[in-house]
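Asker: For what it's worth, the numbering used here labels the leading residue of the sequence shown as 60, then goes sequentially.
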Amino acid sequence: MMYSILEFLSTVVSILIIGAILPGIRINGPTFWTASLIALVLAILNFLVYPLLVILTLPITLVTFGLFLLVINALIIMFAAWIIPSFKVDNFWWALLFSILLSIVTLLFELYLFPAAMFS
60 MMYSILEFLS TVVSILIIGA ILPGIRINGP TFWTASLIAL VLAILNFLVY PLLVILTLPI
120 TLVTFGLFLL VINALIIMFA AWIIPSFKVD NFWWALLFSI LLSIVTLLFE LYLFPAAMFS
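Here's what the structure looks like:
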């Protein structure tokens, strides 16, 4: 349980950092709560929509050696921005960059917080 909470908080902090750095990503309102809502919506979409999109796009994903999964991640981020009024993404390319950076920054936080859990 504690691992899940810290993992969620690392995602929230990653969203705040990346949102402050990228000019094409805007997080309005009380930023911690908005970032928490973004993390929650992304988790729900990744649980419900992502597997369906992966199955539907399996041929193109195989042809591109999995690189099309980055496109799916960007589309899910754009969908989350459509759902959450205080989260704005200017275009697909900002969503793609946000997706890549979110994965990297979250991984770095989790490597720092849970070094033993990552390699066991």
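By construction, the Cβ of each residue, glycine as well, lies at the ideal position given by its N, Cα and C atoms. Predicted, not measured: the structure shown is a model, and the values here were computed from it.
Taking contact to mean 3 or more Cβ pairs, one atom from each stretch, closer than 8 Å, check whether the segment 65-72 and the segment 117-133 are in contact.
Answerer: Flag = no, the segment 65-72 and the segment 117-133 do not touch.
Asker: Please identify the residue among 169, 140 and 148 whose C-alpha is closest to the C-alpha of residue 99.
Answerer: Of 169, 140 and 148, the residue nearest in Cα terms is 140.
Asker: Would you identify the three-state DSSP class for residue 80, choosing helix, strand or coil?
Answerer: Helix, per DSSP.
Asker: When you compare the CB positions of residue 157 and residue 80, do they come within less than 7 Å of one another, or not?
Answerer: No, these two residues do not count as a Cβ contact at 7 Å.
Asker: If the criterion is Cβ atoms closer than 7 Å, does the pair residue 146 and residue 133 meet it?
Answerer: Contact flag unset, no.
Asker: State the start and end residues of the unbroken beta strand (DSSP E) segment that holds residue 148.
Answerer: Note, residue 148: beta strand (DSSP E), 146-148.
Asker: Is it right to say residue 103 is buried, meaning 16 or more other beta carbons lie within 10 angstroms of its own, or is it exposed?
Answerer: With fewer than 16 Cβ atoms within 10 Å of its Cβ, residue 103 is classed as exposed.
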